[in-house]
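Student:
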Amino acid sequence: MYGSQSSQKHTFNRLLAALPPEVYTSLLPDLEIVSLEFKQLLYESKEPIVYVYFPLDCLISLFTVMANSTAAEVSIVGNEGILGLVVFLGNDTTPFRAIVQI
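Heads up: the sequence shown is residues -3 to 98, going by the numbering used here.
1) Report the CB separation of I56 from Y49 in whole angstroms; it is logged as a contact under 8 Å.
2) According to the neighbour-count rule (16 or more other Cβ atoms, all chains shown, within 10 Å of its Cβ), is V19 buried or exposed?
3) Does DSSP put E69 in a helix, in a strand, or in coil?
4) For A94, count the other beta carbons within 10 Å of its own beta carbon; 16 or more makes it buried, fewer makes it exposed. Which is it?
5) Tell me, which residues are paired with Y47 by DSSP?
6) Would you kindly work out how many angstroms separate the C-alpha atoms of F84 and L11, rounded to a whole number?
7) Would you decide whether P51 is buried or exposed? Buried here means 16 or more other CB atoms lie within 10 Å of its CB.
8) Suppose you measure from the CA of I98 to the CA of L37; what does that come to, to the nearest Å?
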């Protein structure tokens, strides 16, 4: 997971910051700040999701990969959201490739 280890005031992910304090506090043991590199591949289409990410200061592009192996960007996740939401819906894979852009 990608989030904040300290208090909610230090959270720059708006989704995490919007949580009630008691919910946020209960998540803290499972959150870890990680550094992501430009162009880092986070998810590959149809591969198992290992981590869920709450971006703090980056943008993550989601691409759909077509039959001829070309890719088209279909969405962007920033500090307002979560990457890996499908895990909470009972799925362990995603149809998208996720790459850090900024």
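Ideal placement from N, C-alpha and C gives every residue a C-beta, glycine not left out.
Tutor: Checking against the coordinates, here is how it stands:
1) 7 Å
2) exposed
3) strand
4) buried
5) Paired residues: none, contrary to the question.
6) 15 Å
7) buried
8) 13 Å
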